[in-house]
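Protein chains in written order, with UniProt numbering: chain F, 1 to 467; chain E, 1 to 467.
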C-alpha cells in the first residue's frame, strides 16, 4: 500500500521526475523511516527520498516548502524519542547515501564528512591515521543524526558531547538555502553560534549536509577498572571524589545491582551483584597505571570491594562489550518483553538520591526498571522492561517516566541528557524551560516560518498551533 | 557636560526617579563606559545605570524598549573590538555591582554567580574549595563580559572557551522578560541551545544577569616548559606533534623573536631571542613530570634548543607573568606609542604559514607588529605598535588588519578566535559567514525586533538598515 495519495499530485510528479526510484512511497519503507525504536507509535512519512548530495537536499526542501509538505531528515533511525515520526505526514530525507568522508586533516585533528557516515565507519576509516572520533552513543548512529540530537554517550565525561565535537556544519535551511556555520578554526568568536544552534535542533531548523568534526589521538594506553560497591550512594561518592581530585575519567559508568545481575547472565560474567562502576583512563602507559591506582584508592575509601583493573585489550573489550550489550541483557530478565530506554540528567551531587528514589518508585509501581548511567555527567538511563500490549504496564511506565522527569527537574536537572526531546519529552519542556520556550519558538518561527522542518518535535503543541 | 539631552525627557525622568544617583549622565562617566581599549573611536552612551539586580536590569531594558533607546551591557570595559560603544547613543547598563557569588556547588564542580564577578575575584573566593575557574583571557574581565564575548585565552587548549565553561545562563531579553537557558545538569539535549546562542552574542540578544559555570579541580602539580626554536615553523610543528601524541597541554603559547626580545627587556629575562614556546601541564606530580619529558623529546625532534622545565611555582609564575605582561613589554619597544591587539584563528596546520606571511607583510608595511599566540588552538595575536596620531601608520595598520583577516579566511580560519566582532570585525563577517549571516539577522530580528540591544555590533550595516 502506498502513502503517496496524501501528497499533492504535482509535488509527487516532480519528485518522481527528479529522483526516479530514489523516491519511494511504499508502506514498508515509509514505516521503516518513522520512529521504530520504542513504544512511541510509528507515524510514517508519506514518502522517502534517498538524497545523494547537498544540492538534492536543497531541492527537496525547496519543493516541500513550496508545497507546504513537512520534511524529516533520516540517518540510522536509532533515535529514541520519536524524532523521526511524521505526525503531519511529509517526506523523509534519507541521508544514508551521503556517506563520503571528504577530508581528513590529520595535522589539525579534524575531518570533513557527509551526514550519513556512521560512527564505526568513520573510526574504521581513521584507523591508520592514529586518530579517532571518540563519541560513543551506543548505537552505530550517523554523525548527522548524532549532531542533530546532540548525542553523547559513555565517553562524554572526557571528550564532551556533539556540541563539543562539531567544529562547523553545512546545512540546508527551510527556504532551501545552503549555509555554512563556520570553517575549520578550532575556536571562533565570530557572531552567533549557529553551529551549536543546529546541534540538538533535531531537524526542526535545517538539515545537516556536512560536518567538520574534531578528532582525537588514539590513546597510547587504556586502562579499565571495575569496582563493586555496597550502595549506589557509595559508588556515586567515589565518582564525585575522583572528579574533584581531577581524575580524567574517559568513561565512568554505573550499573545498579539488577543490571549487573542481567549482565552476568547475558555475558557469562561473575561480577558481584551489587552496584558496579566501570572506569576507563586514556593516556600513556605510566599515566593510566597511576590513574587506576589513584582511582582504586579513592574507591576503597568509599567502600569499594572487588576492585580490579586491567590494560589488557581483550579483557577490557569483554567488559565494555558487556556494558554495551546491557540493553539486551536487561531484556533477557523477562523473555518476550520489550524495553524502553529513558534518560534524565541531574547534578552529580543529587545522583545517588535520584537513582535511589527512582528504584523505590519503580518497585512501588511493580516495574522492572534497572538503571545504568554515565555517572561522570550525572546522566542515567532507566531501562523499563514491559509487555507493551499490557495497558496496566504501559500506564505504570508512563506514570513512572513522568514522575522521573519531574524529579530530575526538581533537582536542577534536565528531562534529557542525551536522547533529545522529539515527541517523547515535549510535554516536559514547559516546566523545564519556562519563558525560554518563547525564545525557542521565536527562533523556530523566524527560521522556519512555514513550520515544514520536522514539525511536532521539541516545542510543545501550543506553539504548533500558532504557526 | 551631560549627554542626557539626547534622551527622551520622560525616559530620563523615569530613570532618575527609579535609580536616583545610580543613573549618571556626566560626560566622563559616559566616555568611560564606551570603548576605551583600542584605537576604535570612543562613542559614549548617553547615560549609565548601575544595576544591582536582575529585576532592575529587566526594568531598564523594558523602559528602553518602550522609549526605543539602545541598551549596552557593561562589565569590566576590557573588550577590544568596540563592543561597548554607543554609535546610536543609549544607556549603558553597568553590571559591576551585580558581583555576588550566589552558590558554590563543590560536589558538582560548578558555581552560580552574578555577571559582575571578575575572574580573579572568583578564583580568590574559591581558593579554599580546591576548585578554580580555569579560563584566563588576560584581562581581569567580568564573567558576564567573558560569556557575552565568548572569551577564552591561554588555557582554552585544555579547558575550552566560555562556550564550554558556561552551563546555563539567566538573561534579560529585549522585551524585558527574564529567561533561564538551562539548569545545573552537566549536559542536556532539551531543545535549542540558548546558552550557546547567548554566549558570544555580545549583548545584542539579551543581557546576561546570572551564570552557572563549570569549575575544575586545582591541579595537584603544574609543570611549565619553555623551549626555543630556530623558526616559527619548527615551533608550530612541535605543537602539532604534541597534540597528535595526545599531550594534554594546559597552555601552549608561542612568542615570536621580536616578542621575546621585548619580554627580555621588560621582565629582565635572558631568553634566547628566537621563537619561544611556553607549555604547561596540569596533573599529578608524576604525570606532569612525564608529560614535560615527553614534550621535551618532541620539541628536540623539531629542533628545539634551550629546553627547560620547572615545577617550581615561583619560577613558573615569573615566566607566565612575563607572558601576561607581554602587551606592556611590546609597547616598551617604542616608548610613547600605542598598541592594538588584533586576533585571528586558523587551522593549526596553516599557523606557521600564516604567521610567516603576517611577519613579512608587517615588515613590508614598516609596521612593528610582534606576534604571540595560543598556538594549541591556532589562535594568535598581532600587537601592532603605532603612533595613532600618525595617519600613515593608522592607514598601514588598517590595511594590515584587513589583509590578515582575509588571509585567515583564505586558510579556512576565522576573523576572530576570541576577541569577538563588535564594531572592529563587522566588515569581515560577510566574507566569513556568507548566507549564514541572513540566519543570524533573522534570529536578531526575531528576538530583538526593535534593535535596541547593543545596535551596530556583529551584523554588518546592511542588516541594520532593515531593522
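Every residue gets a Cβ at the ideal spot worked out from N, C-alpha and C, and that includes glycine. Just so it is clear, the structure is predicted and the values come from calculations on it, not from any experiment.
Where DSSP assigns a beta bridge to residue i, which residues make up the other side?
i	result
residue 9/E	In the DSSP output, where bridge partners are listed per residue, residue 9/E has none listed.
residue 345/F	379/F and 414/F
residue 338/F	386/F
residue 50/E	94/E
residue 111/F	104/F and 213/F
residue 277/E	227/E and 254/E
residue 221/F	283/F
residue 372/F	255/F and 381/F
residue 179/F	171/F
residue 166/E	213/E
Among the options, which one has its Cα closest to the Cα of residue i?
i	options	result
residue 107/F	393/E, 242/E and 403/E	242/E
residue 433/E	419/E, 451/E and 406/E	406/E
residue 258/E	244/E, 245/E and 231/E	231/E
residue 112/E	384/E, 34/E and 184/E	184/E
residue 253/F	334/F, 321/F and 426/F	321/F
residue 360/E	382/E, 294/E and 71/E	382/E
residue 62/F	453/F, 464/F and 460/F	453/F
residue 8/E	90/E, 455/E and 109/E	90/E
residue 450/E	205/E, 125/E and 42/E	205/E
residue 437/F	18/E, 48/E, 391/E and 173/E	173/E
residue 48/E	38/E, 37/E, 39/E and 69/E	69/E
residue 445/F	175/F, 38/F and 289/F	175/F
residue 421/E	149/E, 356/E, 380/E and 193/E	149/E
residue 192/F	461/E, 462/E and 442/E	442/E
residue 277/E	265/E, 424/E, 295/E and 255/E	255/E
residue 285/E	310/E, 11/E and 348/E	310/E
residue 161/F	369/F, 171/F, 147/F and 317/F	147/F
What is the residue span of the beta strand (DSSP E) that residue i lies within?
i	result
residue 103/E	101-105
residue 74/E	71-74
residue 353/E	Here residue 353/E belongs to no beta strand (DSSP E); instead the alpha helix (DSSP H) covers 351-364.
residue 40/F	Where residue 40/F is concerned, there is no enclosing beta strand (DSSP E), given that its DSSP letter is neither H nor E.
residue 306/E	305-310
residue 315/F	Careful: residue 315/F lies outside any beta strand (DSSP E), inside the alpha helix (DSSP H) at 313-324.
Between which two residues does the alpha helix (DSSP H) harbouring residue i extend?
i	result
residue 287/E	285-301
residue 259/E	257-267
residue 209/E	Not the alpha helix (DSSP H): residue 209/E falls in the beta strand (DSSP E), residues 207-214.
residue 235/F	232-244
residue 427/E	426-433
residue 35/E	First-last for residue 35/E: undefined, no H or E at that position.
residue 26/E	Neither: residue 26/E is in no alpha helix (DSSP H) and is coded neither H nor E.
Who are the neighbours of residue i on chain E, taking C-beta pairs under 7 Å?
i	result
residue 224/F	Under the 7 Å cutoff, chain E gives no residues; its nearest Cβ is about 18 Å from residue 224/F.
residue 450/F	By Cβ distance, chain E contributes nothing, its closest Cβ being about 14 Å from residue 450/F, past 7 Å.
residue 432/F	190
residue 152/F	187
Could you tell me which chain F residues have their CB closer than 7 Å to the CB of residue i, listed as they occur along the chain?
i	result
residue 240/E	107
residue 379/E	187
residue 324/E	Residues of chain F passing the Cβ test: none, with the nearest at roughly 20 Å.
residue 183/E	412, 413 and 414
Beta-carbon separation of residue i and residue j under 9 Å?
i	j	result
residue 45/F	residue 86/F	yes
residue 308/E	residue 221/E	no
residue 250/E	residue 272/E	no
residue 404/E	residue 340/E	no
residue 457/E	residue 426/E	yes
residue 93/E	residue 207/E	yes
residue 88/E	residue 313/E	no
residue 34/F	residue 78/F	no
residue 240/E	residue 348/E	yes
residue 117/F	residue 142/F	yes
In chain F, what lies closer than 9 Å to residue i by C-beta?
i	result
residue 75/E	Correct list: empty, because the minimum Cβ distance to chain F is about 15 Å.
residue 347/E	105, 107, 108, 110, 183, 184, 185 and 186
residue 83/E	Within 9 Å Cβ-Cβ: nothing; residue 83/E doesn't reach chain F, min ~11 Å.
Strictly below 8 Å CB to CB, what residues from chain F border residue i?
i	result
residue 58/E	Chain F residues near residue 58/E: none, gap ~11 Å exceeds 8 Å.
Measuring only from the beta carbon, is residue i closer than 8 Å to any heavy atom that is part of the ligand COA?
i	result
residue 145/E	Ligands displayed in this structure: none; no statement on the ligand COA is therefore possible.
Give the interface partners of residue i over in chain E, defined as CB-CB distance under 9 Å, in chain order.
i	result
residue 429/F	190 and 191
residue 213/F	In chain order: nothing, as chain E lies at least about 13 Å away.
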